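Top to bottom, those sequences are chains B, Y, G and H. Using the numbering used here, you'd call the opening residue of the first sequence number -1 and step up by one each time. Using the numbering used here, you'd call the opening residue of the second sequence number -19 and step up by one each time. Using the numbering used here, you'd call the opening residue of the third sequence number 5 and step up by one each time. Using the numbering used here, you'd call the opening residue of the fourth sequence number 1306 and step up by one each time. The beta-carbon is built from N, C-alpha and C at its ideal position, and this holds for glycine as well. Since this is a predicted model, take the numbers as computed values, not measurements. Working notes, beginning with the structure itself.
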Amino acid sequence: MNHPILMATLLLAPFVGFLINGLRYKRHSANLAGVIATTAVVISFISAILLVVDLVGLPPETRVISVKFFEWISVASLKINAGFVLDPVSAIMILVITGVGSLIHLFSIGYMHHDAGAAKYFAYLNLFLFNMLILVLGDSLPVMFVGWEGVGLCSYLLIGFWFTDDQKAAAGMKAFVTNRVGDAAFLLGMFILFLSFGTLTFSEINQLAPTDPTLAWMNPVTLGTLFLFIGATGKSAQIPLYVWLPDAMAGPTPVSALIHAATMVTAGVYMIVRLNPLFLAAPNTMMIIAIIGALTVLLGATIGMTQWDIKKVLAYSTVSQLGYMFLACGVGAFGAAMFHLMTHAFFKALMFLGSGSVIHAMHEEQDIRKMGGLKKYLPITHWTFFFGWVAIIGLPPFAGFFSKDEILAFAFFSPLGHEALWAVGALGATLTAFYMTRLMALTFWGKSRVPKDTHPHESPPTMSIPLIVLGVLSIVGGWIGIPHVIGAILPGHPENFLEHWLHHSIKPIPGLTPFDVTTEWVLMGVSVTLAICSAFVAYHMYVQAPQKPEKVAKAIGPVYKVIYNKYFVDEAYFAGIINPLVKASKGLWYYIDVNFIDKTTYVISDVVRGGGSLVRSLQNGNIQVYAMYISLGLVATLLFLLVR
Amino acid sequence: MLSTDLFTQIGLGHYLVLSALLFCCGMAGVLLRRNAIVLLMSIELMLNAVNVSFVAFSRYLGQQEGQIMVFFVMTIAAAEAAVGLALAVSIFKRFREVNIRYFEHLKG
Amino acid sequence: MLLSAVVFLPMLFALIVALWPNQRTLRPLALGFALIEFALSLGIFYYFDPSSSALQLVERYPWIERFGITYFFGIDGISLWLVILTTFLTPVALLGAWKSIEERVRGFLACVFILEAAMLGTFLAMDAVFFYLFWELSLVPMYFMIGIWGGARRIYATVKFFIFTMVGSVLMLVAIIYMMFLTAEAFGTMSASLLDFYRLDIPFISGQFLSPQTLMFSAFALAFAIKVPVFPLHTWLPDAHVEAPTPGSVILAGVMLKMGTYGFMRWVMPVFPEATVHYAWFFMLIGVIGIIYGALVAMVQPDIKKLVAYSSVSHMGYILIGLFALNEFGVTGGLYQMLNHGISTGALFLLVGMIYERTHSREISRYGGLAGVLPFFTIAFFIVTLSSIAVPMTNGFIGEFLILLGAFQANSVWGYFAVSGVVLGAVYMLWMFKRVFFGPQGELVKDEHHPLHDLSVREMFVLAPMIVLVFWMGLYPSFFLNYSKASLDHFVKNQAHYELAIQSGKEVAQ
Amino acid sequence: MTPDVFLFWFLALTTVLAALGVIISANPIYSVLSLVMTMVGVAAIFVTLGAYFLAGVQLIVYAGAVLVLFVMVLMLFDLKHEIHAFTRGPVTGAIKIAAVGLLGGMIVGAIALSANSLMKTENNGIQTVIEGDSTKALGKLLFSQYLFGFEALGVLLLVVAVGAVALARAKGGTHAQH
């Protein structure tokens, strides 16, 4: 099959699914809707595989499949095609999206089977995938922006899926508006790039990107990348625009798995990787990205340690893990960012689905204080979740270990990196191990705190199969990117397959020297040891001595309170931006519109009316007064004639 | 410059000044009096003032047309007096007074 | 003859409708007439040459020869789509408000047709006096539409509307007359033809307000700015919209506001090139203020219709900065946004009218949870909302993207400020959407005595073309832009010495 | 001082004083009597100007008919001395008097200024003045050249007579009190 047709199938299959489910949204058969939607995504997945196979067949230097459907916008020098391009970077993305997407669709069939709006749900989910594929495959920034906003829109719809709940609807709106802030910056970034490069196509921008880094701040490259990065912070939940992601957990859990863990939130990372030559030319932006990434790692991890809602913990974990990806981008390790993006998609989707399974089993209970000891009720969920856990805390040889380790190594060795960044990353890994172990312990291990009237039960096969598949991927997913130091001692010396695959898509960091092997081993050992120790501490605290956490919390009282309340960032945004804005708007309306502009016009009309009534009073019907005017007129006339 | 000429040589100017004075008297009456009938009289006065100047011009310019005009004016004045008095009568019937202000009520 | 037919046919329709004896067949008849008019206007495409920037289908006859006033119609890529928009929105508005007008239907329909004729004449007339005639004529039916069929405070609203717009137009008339004297000075014979105005070289002294060009620029600009409306002169708009009946709002927002921006494009920017360039910053400024101010004030409105009206202020601000960016992106985006705004705001007013017919309330706080009760209505409203907040793949995005790009190119400062409108637009629309459609059911929605009915077949027929257009214009803008491209190119490239040729061969007289 | 001159000054003085009497006297009856005096004075001035016929008409029509009409109406109303003979309002009153005074002053001034040119025409005119009785010539002119106007006046008078009667008979106009 030729590429345009495959590409069209890849893109349009979910869209057709959306249309079918959207038009029969009133039918209440959840299973049929789920089957239709899942089929659509599977078709998409198959096309993706076929395309990637074709891509692999191409010589590495020209490994690009590009398809142009029609000219979208063409005004003067601005020419934007509805064009899509598949290269090694987007190949990873589409496989993850359609693959993980298929699994999550499958999971949703079981999860949503009792929901009256299932058809609508699947329609939205399909629409999301359609937009996500546009985002990933688009050959230019505006086309990417189409998907970029589209996924935000679907995220809005899915977060507010149970719209009768005011809070959930508000969470959806919060997500959209926060994303919009990022999108506005994204637009500005596009404008700057277009005006300095004259094009918005990725390939051309990357070609035109200056080869020597510029240190100026007001330089178009720095400004443009900076604005694009702000756009990415919106979509990928980084400081300062991360606030929407925890609230986004109001949506159905598979949505959190698909959109808010595996795919959409990684769009920012993907965009930066897409434009890596450009970002490399702007070291200032890179520095900011790395710092923001590192700070987000810490922020997400610390808040994650204190939350009681199973999904909120995972959400802050996602924020934190996304921070790792940005840290990687910031130090120039784009390959590592993509790697972590992929492994994170596996294990975080797994954990979200696992939490979905738990929530399903617990009849919509999300508070981990009311769980515990679920291991014996939900064996499959527990074991799959277990593999997700080992992957995320970075135990070798599971997926997270390789990707996180690569990021940390780059943070240490890259000329764009810094020892402090490595230290923050390692600290983050330690905290991750702590809060993840806490989550495991409180949910699955220890004594059961399940209320008496709840009877947890294992989920149906449609839900457990995706869990198992993702569990396996969490184990083996990291093996495609085994670092050289480890590969060297393994039998058969496996190559770093991922690095090889991305070789032509990613520009090497200028001035990068080969890693020092000993140091790398030491760094690896330190981070793994720290993670294991911290996991043991957490295990001890939450399983063996359950009264300890409270003591600790009391000991660090105020700090705990600040962290537990998420650093009061939401409150600060409300007090500092939103409420004043609403108040100011009301003031504008009341004082400027109603009282100033209108009153001014009234004054003008009053003056005119006053003049009119003045003239009217001259004409009062008294004949003698009229006669007086006549005589005065005569006087005036005569005076004029005489004086003249 | 008051020369004796002014008193001894009676010319057109004298008649015109006389006419003007009469006219102003009439106009003052129109403007100031409240009684409608006195008002009508003042109008007659003004018309007469005009007549004086017409006749004076007729005499000093040697044209008969001035006198014709006076003739017409007189007739019109008579007619006007008749109508005005009729109006005054109807006003009086209604208000027992002929104040000019009541003419406002003539409007529909 | 085509353009004359397009302009004057609605007048004939108005007469027929006004004299039509049968009350029951009145509405179908009017709808049929409006559709005939729409079909006729589509006939322009057959004769229109998209590759030429010249004035086409020209009809020009002397009218008052002593003053050089002519009967002069012509069309080019700038006015083409506005004409189509007008003839398209009229049947839509009629069908959309099938039931909302119950009294004096005959008079109302006649008003709609006269209004249509006046608006078409405004877009097509190329003679200043002729243009002014149509410009003022359009006020009269709108005045009656709001004043007779309007809401509770309709008299206040009509008087405000009328006085605001009249004040501007009167100054424009003075300027037109002055320009006619200038033509007499420059060319020997007096002329009111726009083409002669283009040829005039009006003295401009930079920085001096009392130079002739600046004065006349201000007079014209004021008239159009009130109509647009731009920031400090906008207060007539919310009142007029809130009081107007649904079709009145649709036409007012959909087409009449465009008369202002069209006026800028046709009568201000090419006629007074130096002043335009010199004062562009001012219009960018008030455009940006309009965007932000309109959005902020819209955010806190308690009345849906008022919210949509203020959103118009914000959107028209975009158009203004697009036009005064004076580059191809901005001007193209501005023209495109005029069409977008006509479609999306027109549809919004239709939808608000539909829900008003059901509940007789526009107060946002009394709604809530509508999505569960009226799914089709919700979907339609959501799509139009997306168009209004310029989500990609809808028409709004193309316009906003081009405008912002143009503004950014003209001066990045405006770009930075204007982009904030993207965020604020989402805020006010989605906040309203959330309060009306999401959350627990409000008092009006759960009222069991008056269960709400979802969209009827007629209403779907009204909304379907709008929604199709939203996506069509968003996905394949080239179709629309290709017809205007030549004219816009010409417009931007020759801004300093703009002249319009007359397409030869199809000329009728002179 | 020739008798002509003396006559002029005497008549002018009498007439003006009588005219002032018309507007000043508070009792309308006195006003009418002053007006009669004025009319007679004007008639006498006509005589000094050689318009004998007009003088006669003036006496008959004004002093005889019109003023009798006035007197009759006043008698009918039985008006006494008026308390508010003049309009109220000191300001407008002042303006009115000022206007009249200015007007009179300016007319006189204008005549004085143009006295020279008037004198010229006077001298030219004197030769053409038809001395003696001009009544015959007047009659000829009236019944030949101005016949139409004359007849029209007749019709006018008829209409006025009918109208005046109709008006006077009407019961209080449209604002009838019953």
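8 angstroms CB neighbourhood of residue i in its chain, flanking five on each side removed
i: GLU45 (chain Y); result: SER38
i: THR162 (chain G); result: TYR147, ILE150, GLY151, GLY154, ALA244 and GLU247
i: ILE1431 (chain H); result: The pLDDT assigned to ILE1431 (chain H) is 49, lower than 50, so where the model puts this residue is not dependable; a value taken from the coordinates is nonetheless given after this. Closer than 8 angstroms at Cβ, skipping near neighbours: no residue.
i: VAL1352 (chain H); result: ALA1360
i: GLY444 (chain B); result: GLY370, GLY371, TYR540, VAL541 and PRO544
i: VAL263 (chain B); result: LYS233, SER234, ALA235, LEU243, ILE257, THR316 and LEU320
i: GLU59 (chain B); result: HIS502
i: ILE357 (chain B); result: THR251, ILE308, LYS309, GLU363 and GLN364
Buried/exposed call for residue i, threshold 16 Cβ in 10 Å
i: CYS531 (chain B); result: exposed
i: VAL605 (chain B); result: exposed
i: ILE3 (chain B); result: exposed
i: LEU348 (chain B); result: buried
i: ILE71 (chain Y); result: buried
i: HIS1480 (chain H); result: Residue confidence for HIS1480 (chain H) is low, a pLDDT of 47 falling below 50, so the modelled location carries little weight; the figure read from the coordinates is stated next. It counts as exposed.
i: PHE200 (chain B); result: buried
i: MET397 (chain G); result: buried
i: ALA334 (chain B); result: buried
i: ALA573 (chain B); result: exposed
i: LEU437 (chain B); result: buried
i: PHE37 (chain G); result: buried
i: LEU23 (chain G); result: exposed
i: PRO14 (chain G); result: buried
i: LEU67 (chain Y); result: buried
i: LYS1441 (chain H); result: exposed
i: ILE480 (chain B); result: buried
i: VAL11 (chain G); result: buried
Partners in chain B for residue i, counting only beta-carbon separations shorter than 8 angstroms
i: LEU11 (chain Y); result: GLN622, ALA625, MET626 and SER629
i: MET1411 (chain H); result: VAL633, LEU636, LEU637 and LEU640
Residues that residue i contacts on chain H, provided the C-beta gap is smaller than 8 angstroms
i: LEU616 (chain B); result: Here the premise fails: no neighbours, minimum Cβ distance about 11 angstroms.
Proximal residues to residue i (C-beta, below 7 angstroms), its chain only, five neighbours per side dropped
i: ARG366 (chain G); result: ASP307, ILE308, LYS309, VAL356 and TYR360
i: PHE138 (chain G); result: ALA122, GLY125, THR126 and ALA129
i: PHE1313 (chain H); result: THR1353
i: THR644 (chain B); result: Summary: the structure shown does not reach residue 644 (chain B), with chain B confined to residues -1 through 642, and so no result is reported for it.
Beta-carbon neighbours of residue i, restricted to chain Y and to distances below 7 angstroms
i: THR1319 (chain H); result: Here the premise fails: no neighbours, minimum Cβ distance about 11 angstroms.
Interface residues of chain Y facing residue i [CB-CB closer than 8 angstroms]
i: ALA1370 (chain H); result: ALA58
Proximal residues to residue i (C-beta, below 6 angstroms), its chain only, five neighbours per side dropped
i: LEU428 (chain G); result: ALA299
i: SER(-1) (chain Y); result: ALA29, VAL32 and SER33
Contact set between residue i and chain Y, taken where Cβ atoms lie within less than 9 angstroms
i: LEU1364 (chain H); result: Correct list: empty, because the minimum Cβ distance to chain Y is about 11 angstroms.
**Q.** Residues within the stretch 555 to 582 of chain B neighbouring chain G, beta-carbon criterion of under 8 angstroms
**A.** Result list: LEU579, VAL580 and ALA582.
Counting Cβ pairs closer than 8 angstroms, one from the stretch 368 to 382 of chain G and one from the stretch 340 to 354 of chain G, do we hit at least three?
-> Because the criterion of three Cβ pairs below 8 angstroms is not met, the stretch 368 to 382 of chain G and the stretch 340 to 354 of chain G do not touch.
Review point. When you check each C-beta in the stretch -2 to 10 of chain Y against every C-beta of chain B, which residues fall closer than 9 angstroms?
Key: Taking a C-beta cut-off of 9 angstroms against chain B, the contacting residues of the stretch -2 to 10 of chain Y are MET7 and VAL10, listed in chain order.
| Okay, do the stretch 83 to 98 of chain B and the stretch 46 to 65 of chain B touch, 3+ Cβ pairs below 8 angstroms being the bar? | At 8 angstroms Cβ cutoff, the stretches touch.
Q) If you measure beta-carbon to beta-carbon, which residues of the stretch 1450 to 1464 of chain H are closer than 7 angstroms to chain Y? A) For the stretch 1450 to 1464 of chain H, residues whose beta-carbon sits nearer than 7 angstroms to a beta-carbon of chain Y comprise TYR1451, GLY1454, LEU1458, LEU1461 and LEU1462.
Give a yes or no on contact between the stretch 370 to 389 of chain B and the stretch 465 to 472 of chain B, applying the rule of three or more CB pairs nearer than 8 angstroms. Judged by pairs of C-beta atoms under 8 angstroms, the stretch 370 to 389 of chain B touches the stretch 465 to 472 of chain B, as three or more such pairs exist.
Whether or not the stretch 182 to 192 of chain B and the stretch 397 to 417 of chain G are in contact is what I'm after, with contact meaning three or more pairs of Cβ atoms, one per stretch, closer than 8 angstroms; do they touch?
The answer is yes - the stretch 182 to 192 of chain B touches the stretch 397 to 417 of chain G, with three or more Cβ pairs under 8 angstroms.
Whether or not the stretch 90 to 97 of chain B and the stretch 138 to 158 of chain B are in contact is what I'm after, with contact meaning three or more pairs of Cβ atoms, one per stretch, closer than 8 angstroms; do they touch? These segments do not touch.
**Cβ contact check for the stretch 281 to 289 of chain G and the stretch 410 to 424 of chain G: 3 or more pairs under 8 angstroms** = Judged by Cβ distances under 8 angstroms, the stretch 281 to 289 of chain G makes contact with the stretch 410 to 424 of chain G, as three or more pairs qualify.
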